[in-house]
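**Student:** So in numbering that gives the first Met the number 0, spot 143 of the sequence shown is number 142, and the numbers just go up one at a time.
For every residue, glycine included, the Cβ atom is placed at its ideal position computed from N, Cα and C.
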Amino acid sequence: MNGHPTRPEDFDLYALGVLEGEEKAAFEAHVPTCAACAEKLAEARGRIALLAFAAPRVEPSPAVKERLMRQIHSAPEGARLQQRERAPRDAERTESFFGRWWPVAVLAPVAAVLILVSVRLWQQNTRLIDELGEERATLQQQQAQLDEALDVVALMEAKDTISVALASQPGMAKGAVRVMYNAKMGMAMCDGWVDPAPANKSYQLWLVPKDGKPISAGVIEPSNGPINPWTMKLPPGVAAKAFAITLEPEGGMPQPTGPMVLVGPVS
Ligand SMILES: [Zn+2]
Numbered sequence: 000m001n002g003h004p005t006r007p008e009d010f011d012l013y014a015l016g017v018l019e020g021e022e023k024a025a026f027e028a029h030v031p032t033c034a035a036c037a038e039k040l041a042e043a044r045g046r047i048a049l050l051a052f053a054a055p056r057v058e059p060s061p062a063v064k065e066r067l068m069r070q071i072h073s074a075p076e077g078a079r080l081q082q083r084e085r086a087p088r089d090a091e092r093t094e095s096f097f098g099r100w101w102p103v104a105v106l107a108p109v110a111a112v113l114i115l116v117s118v119r120l121w122q123q124n125t126r127l128i129d130e131l132g133e134e135r136a137t138l139q140q141q142q143a144q145l146d147e148a149l150d151v152v153a154l155m156e157a158k159d160t161i162s163v164a165l166a167s168q169p170g171m172a173k174g175a176v177r178v179m180y181n182a183k184m185g186m187a188m189c190d191g192w193v194d195p196a197p198a199n200k201s202y203q204l205w206l207v208p209k210d211g212k213p214i215s216a217g218v219i220e221p222s223n224g225p226i227n228p229w230t231m232k233l234p235p236g237v238a239a240k241a242f243a244i245t246l247e248p249e250g251g252m253p254q255p256t257g258p259m260v261l262v263g264p265v266s
């Protein structure tokens, strides 16, 4: 063998210590002179080293080694192998035992290593994906907060933003709420406070337009005195007559059904 080993398995076989005779000599003569083959041998040694961790090393007998080598080498020439193996029944049975079981004995540790490595990679992957997912969620949350902050700034800076003070109606829950509204931007922001809503009820904020039905601007968390300032998107271009807060079944309604608790006319 003057050139590269022709069979890719020679590297594994050599690293396993089962390449013998002329083949071994030719292999050893060539590999030190060839960087590509030296690299392949290093890779094979790495693979074999992994095997050493996975299974106790068992030295096969020379006969078994030979048999294994023949089996591996003639695998691509299956037809010829079968012809050659038309031997007496007993011999065939004995041989086929080794033929069948030795590859299993050799391959089982390989499979075990592959499974271990795969499971570990899979676990690492899953963890990385989880971490990525969490970071993406955090980023999205931060982006949303930033967007909202920018919306608030835009809303407060716009010259055509109006401020509407909502006062509590006689006999109703106490509160004071301020709504900033920009019709062109279709955006409102609300803060202030209101007495906690009764159980199973929600406060709901409404834009009362000059024409048409009230438009829901969102539900105010019940049993929560101070309102966290929050921005809301509304259909743009709606001229407001007033803003109002009603008491509705928990979760709010498409149209107001309950009593008005706070009202603020647009001046
Ligand atoms: Zn080579």
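Applying the 10 Å Cβ sphere with the 16-neighbour rule, what's the burial state of ILE244?
**Tutor:** When all chains shown are included, ILE244 counts as buried.
**Student:** Would you decide whether LYS39 is buried or exposed? Buried here means 16 or more other CB atoms lie within 10 Å of its CB.
**Tutor:** So LYS39 ends up on the buried side.
**Student:** Between the segment 139-151 and the segment 162-178, can you find at least three pairs of beta-carbon atoms closer than 8 Å?
**Tutor:** The segment 162-178 vs the segment 139-151: no contact.
**Student:** Cα-Cα, which of ALA24, PRO4, VAL237, SER201 is closest to GLY211?
**Tutor:** Of ALA24, PRO4, VAL237, SER201, the residue nearest in Cα terms is VAL237.
**Student:** Among ASP159, ARG126, ALA136, LYS240, which has the Cα closest to the Cα of TRP296?
**Tutor:** Given a span of 0 to 266 for the chain in the structure shown, any question on residue 296 remains unanswerable.
**Student:** Taking the straight line between their C-alpha atoms, what separation do you get for GLY257 and GLY217?
**Tutor:** Rounded to the nearest angstrom, the two C-alpha atoms are 15 Å apart.
**Student:** Identify, in the order they occur along the chain, each residue of the same chain with its Cβ nearer than 8 Å to the Cβ of LYS23, setting aside the five sequence neighbours on each side.
**Tutor:** Contacts found: TYR13.
**Student:** What residue range does the alpha helix (DSSP H) around GLU8 cover?
**Tutor:** Note, GLU8: alpha helix (DSSP H), 8-15.
**Student:** Report the residue from GLN123, SER201, ILE214 whose alpha carbon sits nearest the alpha carbon of GLU220.
**Tutor:** The candidate whose alpha carbon is nearest that of GLU220 is SER201.
**Student:** Between MET259 and ALA157, what straight-line distance do the alpha-carbon atoms span, to the nearest angstrom?
**Tutor:** Distance between the alpha carbons of MET259 and ALA157 is about 29 Å.
**Student:** Would the C-beta of ALA35 count as close to ligand 1, meaning under 7 Å from any of its heavy atoms?
**Tutor:** Answer for ALA35: yes, Cβ within range of ligand 1.
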